[in-house]
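Each residue of the sequence shown is one higher than the one before, starting from 2 at the first, in our numbering. Glycine included, each C-beta is placed from N, C-alpha and C at the ideal position. Values in this document were obtained by computation on a predicted structure and should not be read as measured data.
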Amino acid sequence: MWGIIATWRMALEGVSESAPQLAAGSAASTAVVDAVAAVEDFPFYKSVGYGGLPTENGEVELDAAFMDGDTLAFGAVGNLIDIANPVRVAQALSRQRYNSLLVGQGAREWALEQGFSDKAMLTERAMQHYRKRCRETLDKGLSPYDGHDTVGIIGLDKQGSMSVATSTSGLFMKKRGRIGDSPIMGSGFYCDSETGAATATGVGEDLMKGCTSYEIVRRMAGGMTPQQAADSVVFELEDKLMSRFGRVGDLSVVCMNRHGEFGAATNIKTFTFVVATEKQPLTVYLAERHREQTCYQPVDEAWMQAYAARIRAPIEE
Ligand code: ASP
Numbered sequence: 002m003w004g005i006i007a008t009w010r011m012a013l014e015g016v017s018e019s020a021p022q023l024a025a026g027s028a029a030s031t032a033v034v035d036a037v038a039a040v041e042d043f044p045f046y047k048s049v050g051y052g053g054l055p056t057e058n059g060e061v062e063l064d065a066a067f068m069d070g071d072t073l074a075f076g077a078v079g080n081l082i083d084i085a086n087p088v089r090v091a092q093a094l095s096r097q098r099y100n101s102l103l104v105g106q107g108a109r110e111w112a113l114e115q116g117f118s119d120k121a122m123l124t125e126r127a128m129q130h131y132r133k134r135c136r137e138t139l140d141k142g143l144s145p146y147d148g149h150d151t152v153g154i155i156g157l158d159k160q161g162s163m164s165v166a167t168s169t170s171g172l173f174m175k176k177r178g179r180i181g182d183s184p185i186m187g188s189g190f191y192c193d194s195e196t197g198a199a200t201a202t203g204v205g206e207d208l209m210k211g212c213t214s215y216e217i218v219r220r221m222a223g224g225m226t227p228q229q230a231a232d233s234v235v236f237e238l239e240d241k242l243m244s245r246f247g248r249v250g251d252l253s254v255v256c257m258n259r260h261g262e263f264g265a266a267t268n269i270k271t272f273t274f275v276v277a278t279e280k281q282p283l284t285v286y287l288a289e290r291h292r293e294q295t296c297y298q299p300v301d302e303a304w305m306q307a308y309a310a311r312i313r314a315p316i317e318e
């Protein structure tokens, strides 16, 4: 059995390339890292890698992670500035015995020492979004934190190995130095080849309150299906935060078990994910909550076209 599942439509191109490789016997680790790197490289995806949206200071600070479900080894970077593919730095860190999670200047220095390329990651288009948001926030009192999304990709290969990788520019207009769930093991991602893996996207500050990805994997290990684990974790966390914290942000997750069965859950209106397995042809799903359950259906051609137009639309400043 092989399988791959990813958060958001933006993962489609990367997953389309990695799925046939998994079918041909490639390693899950290579499949997920290559697929995430493809998202990082695409300038029109404004919440990941090159073209990602900046902090309130107008700098792009990137977070990424990689976890190998066979060894439980992980590597992660936070607030990485101007390095081409944060996910590849994270994977390289996972091979080190120590210093698995590096942030800021230290992460950048290590990446450069290892030969990773220096690349200016702030694009003119991201700056246009930034200027527009600064103005709207002043004029209309909009939340500067809207407009994020993390790519998280889980792979299962024919050898039974699983891996997960994440990458994000984090919340738009975040404080310099802010880190969300995406590079934090157990919250933004977790992977154990003996059980399965999960990865999250949404408001990192809230996802971390539930150690969301670890909790999903733990529930799968306890016998839940991936869908039961995903729904129960998302909706229980939502209820808990509403009653004890008084509010809750966006929470969306995808997961897969070691048999290639998958699940997805969300507390928002439109969460998309991409999946392909030996049994399931490559599909982009649109997930919606129905009370305490998530339902999903494939997106149609009109949706795909509207998406393609939206991500390239000129930004009216
Ligand atoms: N979880 C990410 C963060 O808080 C953002 C997102 O996935 O939308 O950094």
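* Report, in whole angstroms, the separation of the C-beta atoms of Gly178 and Val165, which I expect to be a contact under 8 angstroms. => Residue numbering aside, residue 178 sits at position 177 when the sequence shown is read from its first letter. Residue numbering aside, residue 165 sits at position 164 when the sequence shown is read from its first letter. Going by Cβ atoms, the distance from Gly178 to Val165 rounds to 25 angstroms, so no, they are not a contact pair.
* Identify every run of the beta strand (DSSP E) within the stretch 70-122, keeping only runs that are complete inside it and at least 3 residues long; order them along the chain. => Listed in chain order, the complete beta strand (DSSP E) runs (minimum 3 residues) inside the stretch 70-122 are 75-81, 102-104.
* Would you decide whether Lys47 is buried or exposed? Buried here means 16 or more other CB atoms lie within 10 Å of its CB. => As a first step, residue 47 must be located in the sequence shown, where it is residue number 46. By the neighbour-count rule (16 or more Cβ atoms within 10 Å), Lys47 is buried.
* To do: With hydrogens ignored, establish whether the beta-carbon of Thr202 is closer than 7 angstroms to any heavy atom of ligand 1.
  => Against the sequence shown, residue 202 aligns to sequence position 201. Yes, since a heavy atom of ligand 1 falls inside the 7 angstroms radius drawn around the Cβ of Thr202.
* Rounded to whole angstroms, how far is the Cβ of Thr169 from the Cβ of Gly52, which I believe are closer than 8 angstroms? -> Taking the first residue of the sequence shown as position 1, residue 169 is located at position 168. Taking the first residue of the sequence shown as position 1, residue 52 is located at position 51. That belief does not hold up - the Cβ atoms of Thr169 and Gly52 are roughly 12 angstroms apart, past 8 angstroms.
* To do: Note down, in chain order, each residue of its chain lying with its Cβ closer than 6 angstroms to the Cβ of Lys175, except the 5 sequence neighbours on either side.
  => Sequence index remark: in the sequence shown, residue 175 carries index 174 (1-based). Hits under 6 angstroms: Thr56.
* Buried or exposed (CB count within 10 angstroms, at least 16 for buried), Gln97 -> Along the sequence shown, read from residue 1 onward, the residue named residue 97 stands at position 96. Counting Cβ neighbours within 10 Å, Gln97 comes out exposed, since fewer than 16 surround it.
* To do: To the nearest angstrom, report how far apart Trp111 and Ala121 are at their CA atoms.
  => Counted from its first residue, the sequence shown places residue 111 at position 110. Counted from its first residue, the sequence shown places residue 121 at position 120. In this model, Trp111 and Ala121 are separated by some 17 angstroms (Cα to Cα).
* Asked: Taking C-alpha atoms, which residue in Ala309, Gly70, Gly76 lies nearest to Ile185?
  -> The count along the sequence shown starts at 1 and reaches residue 185 at position 184. When each option's Cα is compared against that of Ile185, the closest is Gly76.
* To do: Rank Asn258, Ala25, Ile180 by C-alpha distance to the C-alpha of Tyr215 and give the top, closest one.
  => Sequence index remark: in the sequence shown, residue 215 carries index 214 (1-based). Comparing Cα-Cα distances from Tyr215 to each of Asn258, Ala25, Ile180, the minimum goes to Asn258.
* What span of residues does the alpha helix (DSSP H) with Glu289 cover, start to end? -> Numbered from its first residue, the sequence shown carries residue 289 at position 288. Where Glu289 is concerned, there is no enclosing alpha helix (DSSP H), although the beta strand (DSSP E) it sits in stretches over 284-291.
* Length of the line joining the Cα atoms of Gly39 and Ala85 -> As a working note, residue 39 is residue 38 in the sequence shown. As a working note, residue 85 is residue 84 in the sequence shown. What sits at residue 39 in the sequence shown is Ala, not Gly. Looking at the two C-alpha atoms, the distance is approximately 11 angstroms.
* To do: Find out if the Cβ-Cβ distance for the pair Ala222, Thr196 is shorter than 8 angstroms.
  => Taking the first residue of the sequence shown as 1, we reach residue 222 at position 221. Taking the first residue of the sequence shown as 1, we reach residue 196 at position 195. Here Ala222 is near Thr196, since their CB atoms are less than 8 angstroms apart.
* Asked: How far does the alpha helix (DSSP H) with Ile180 in it reach, from first residue to last?
  -> Along the sequence shown, read from residue 1 onward, the residue named residue 180 stands at position 179. Neither: Ile180 is in no alpha helix (DSSP H) and is coded neither H nor E.
* Run of the alpha helix (DSSP H) containing Met163, from where it starts to where it stops -> Position 162 of the sequence shown, counted from the first residue, corresponds to residue 163. No alpha helix (DSSP H) contains Met163, which is instead part of the beta strand (DSSP E) from 163-169.
* Per the contact definition of three or more C-beta pairs closer than 8 angstroms, is the stretch 135-143 in contact with the stretch 20-38? -> With the cut-off at 8 angstroms, the stretch 20-38 and the stretch 135-143 do not touch.
* Do you know offhand how far Leu172's Cα is from Ser162's? -> Taking the first residue of the sequence shown as 1, we reach residue 172 at position 171. Taking the first residue of the sequence shown as 1, we reach residue 162 at position 161. The straight-line gap from Cα to Cα measures roughly 31 angstroms.
* **Short Cβ contact (8 angstroms threshold) for Leu283 with Tyr297** => Taking the first residue of the sequence shown as 1, we reach residue 283 at position 282. Taking the first residue of the sequence shown as 1, we reach residue 297 at position 296. Contact annotation: Leu283 and Tyr297 have beta-carbon atoms that are not nearer than 8 angstroms.
* Asked: So what's Ala24 in DSSP terms, helix, strand or just coil?
  -> What you label residue 24 is simply residue 23 of the sequence shown in a count that begins at 1. Helix.
* Asked: Given a threshold of 16 other Cβ atoms within 10 Å of its Cβ, counted over all protein chains shown, does Gln92 qualify as buried or as exposed?
  -> In the sequence shown, residue 92 corresponds to position 91, counting from 1. The C-beta of Gln92 has 16 or more other C-beta atoms within 10 Å across all chains shown, which makes the residue buried.
* To do: Flag Thr169 as yes when its Cβ comes closer than 7 angstroms to any non-hydrogen atom of ligand 1, and as no otherwise.
  => Residue 169 sits at position 168 when you count from the first residue of the sequence shown. Within the cutoff, so yes.
* Leaving aside the five residues before and after Ser27 along the sequence, list all residues of the same chain whose C-beta is less than 7 angstroms from its C-beta, in chain order. => By 1-based counting over the sequence shown, the position of residue 27 is 26. Once the five neighbours on either side are set aside, the close Cβ partners of Ser27 are Asp158.
* Considering only the beta carbon of each residue, do Val285 and Thr273 sit closer than 8 angstroms? -> One-based indexing of the sequence shown puts residue 285 at position 284. One-based indexing of the sequence shown puts residue 273 at position 272. Yes; because the gap between Cβ atoms is below 8 angstroms, this pair is in contact.
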